[in-house]
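Following our numbering, the numbering of the sequence shown begins with 390 at its first residue and continues without gaps.
Report on the following structure.
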Amino acid sequence: MSAPLARLMRSSIVHVAFAFIAMGSWAAFANRAHPMPVPLIAGLIQGMLSAVITLVLKRGIEALARRFSGLTALLAPPLIAGLVSASVLTIIHTIGGTPEIARTIAVPLTVATSYAALYNLSLWRSRKAMNHGAG
C-alpha cells in the first residue's frame, strides 16, 4: 500500500465520512416504508450521530480504560460506551421523529459496541502484558 493511501486510510476525516454515509444509508433503508422525507431525515440524523460517535468513541474508551483495573477494565468501558451510545441514539431519534428507532439504531449500535469491545480488549491486553512484564 502506498504511503498516501495508508495515510488516507488512517485519516479521521475518512472514518467520519464513512460512518456518516454507511450508517446514514442504513437508517434511510431501515425507514424506507415511511413516506419521504422520513427516511432522509432518519438517515441524516443517524449519519451525523455516527460521525460524532466515530470521533468520540476511541478517546472515550481510552479514558474509561484508564479508570478501571483488572476484569472491570475489560468489561466496564465497552459496556458504558454501549449504554451511552444506545441512550444518545434513542433520545436523538425520538426527538427527530424517527419511526423505526430499533431498526435504525440496531446496526450502528452493534458496530460501535463491537468496535468498543475489540479496541478495549486490545488496550486491556497491552496493559496486562506491561504489568506482567514489570513484575
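The C-beta atom is built at its ideal place from N, Cα and C for all residues, glycine as well.
Given the structure is predicted, the values throughout are model-derived calculations rather than measurements.
query: Residue of LEU444, ILE402, ALA411 minimising C-alpha distance to LEU433; result: ALA411
query: Rounded straight-line distance, which links the Cα of GLU489 to that of GLY413; result: 14 Å
query: When ILE469, VAL445, ILE430 are compared against ARG456, the one with the closest alpha-carbon; result: ILE469
query: The region 427-443 contacting the region 483-498, beta-carbon criterion three pairs below 8 Å; result: yes
query: Alpha helix (DSSP H) segments (min. 4 residues) lying fully within the region 447-496; result: 459-485
query: THR499 vs HIS482 beta-carbon contact at 8 Å; result: no
query: Beta-carbon separation (whole angstroms), LEU507 vs LEU463, contact threshold 8 Å; result: Not really, about 12 Å apart at Cβ, beyond 8 Å.
query: Option nearest ALA419 by Cα separation, candidates ALA408, ALA431, PHE409; result: ALA431
query: Rounded C-alpha distance that separates GLU451 from THR461; result: 14 Å
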